[in-house]
Amino acid sequence: MRPGIIDDLGLFAALEWQANEFSKRTGIICHLQLCKDEPLLDKNISINVFRIFQETLTNITKHANATEVFAELKTEGKNLVMTIRDNGIGFDAEEVKEKKSFGLLGMKERAIAMKGEIKVVSEKGKGTDIQLLLPIIV
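In the numbering used here, each residue's number is its place in the sequence shown (first place is 1) plus 762.
Written out as structure tokens, the structure is:
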């Protein structure tokens, strides 16, 4: 199922819409900072970036007990970097690896399919950072 907003208005508009809907639905404040110029991305890449954002917000809702989310999408050289940070309870990354979390696994598989990678940094009591690093053609 394709999010039509990406086709009609682009990735940035879709991310803004998702962040606003997330805040309305959960009461968790979502701060979204986007780089000045939206990079030209293949539609499938845009959809996968959107889905990773969406899955991260879903995981925050289910597990983080957060009150705020800080999300940023920017370009660094020839890379697109999306960072999503919450102020929630965090988790032990080794415990999650053993459980084979389908949410994180799905995000990592999407990133690999785009020749990118997902980095997860979390510590109990200190929130979680999810970062997508994605090579783009400039």
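All C-beta atoms, glycine included, are put in the ideal place defined by N, C-alpha and C.
Model, not experiment: these values are computed from the prediction.
Length of the line joining the Cα atoms of residue i and residue j
i: residue 827; j: residue 785; result: 14 Å
i: residue 892; j: residue 782; result: 19 Å
i: residue 881; j: residue 770; result: 30 Å
i: residue 767; j: residue 832; result: 22 Å
Of the residues the options, the one placed nearest residue i, counting alpha carbons only
i: residue 841; options: 877, 824, 769 and 833; result: 877
i: residue 837; options: 797, 865, 875 and 821; result: 797
i: residue 835; options: 812, 864 and 889; result: 812
i: residue 898; options: 889, 873, 884 and 885; result: 873
Endpoints, the beta strand (DSSP E) within which residue i is located
i: residue 781; result: Not the beta strand (DSSP E): residue 781 falls in the alpha helix (DSSP H), residues 773–788.
i: residue 870; result: It is not in any beta strand (DSSP E) - residue 870 instead sits in the alpha helix (DSSP H) that spans 864–875.
i: residue 794; result: 791–796
Neighbour-count burial assignment, residue i, 16 or more Cβ in a 10 Å radius
i: residue 804; result: exposed
i: residue 795; result: exposed
i: residue 896; result: buried
i: residue 787; result: exposed
i: residue 864; result: exposed
Where the alpha helix (DSSP H) containing residue i begins and where it ends
i: residue 805; result: 805–821
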